[in-house]
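Numbering that gives the first Met the number 0 applies: residue 0 is where the sequence shown begins, and numbers increase by one.
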Amino acid sequence: MDAFAAWLHATPFSQTIQSVHWIIPFLQSVHIVMIGVVFVSSLVIALRVLGKMRADETFGDVWSRFAPWLWAAFFTMLATGLLLIVGEPAREFDSTSFWLKMGLVILAVSLTVALRAMMRAAPHDAASPLEGPARPTAITLVVLWVFIVFLGRAIAYDTEVWGRLSLQS
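Listed below in structure tokens is the structure:
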């Protein structure tokens, strides 16, 4: 991975991202705002599944209102994240927090898709929460996004957070 990071770091595209001083702060800012949109959208959907918010609306209505925000923000976050990796490959690839975050993002997206399937299969009783695996899935999804936010921030402090477990040590 070090050889790939070194190669990527030396590419003209990476050099441009590194040398134009406003690009990385701009990308980080957009990335952070998008994680907020993803988190809030996921939270509202999860709270609807749990019957704690928007109980007067159907599952489909809540999904239709918040899923476009969730997916648009997610794909924007993905794009800015990829550009941040290109701009600082060693920082990302040598970070325990980065790899844990990537694993949790994959899990969170998978659970979001699974939760949507559970919502679609549910009766359209607007007042009731979902039962069965949808409830723990919704809770897990919110917890995952909290950990993803923490791990994203921890990338900059990987050695301090993980000590000997850090890939940087």
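All C-beta atoms, glycine included, are put in the ideal place defined by N, C-alpha and C. As the structure is a prediction and not an experimental result, all values here were calculated from the model.
In this structure, Leu-150 keeps its C-beta atom at 7 Å or more from the C-beta atom of Asp-93. Apart from sequence neighbours up to five positions away, the residues of its chain that approach Trp-62 with a beta-carbon distance below 7 Å are Ile-44, Arg-115 and Met-118, ordered along the chain. Cβ contact annotation for Ser-40 (same chain, cutoff 8 Å, sequence separation greater than five): Phe-65, Ala-66, Trp-68, Leu-69 and Ala-72, in chain order. Residues Ser-96 and Ala-153 of the same chain have their beta carbon placed closer than 7 Å to that of Val-160, with the five preceding and five following residues left out of the count. Runs of the beta strand (DSSP E) lying entirely within the segment 31-70 and spanning at least 3 residues: none are present. With fewer than 16 other Cβ atoms from the protein chains shown falling within 10 Å of its own Cβ, Ser-168 counts as exposed. The beta carbons of Ala-137 and Val-37 sit no closer together than 7 Å. Ala-107 is the residue among Gly-162, Ala-107, Met-33 and His-30 whose C-alpha sits nearest the C-alpha of Pro-135.
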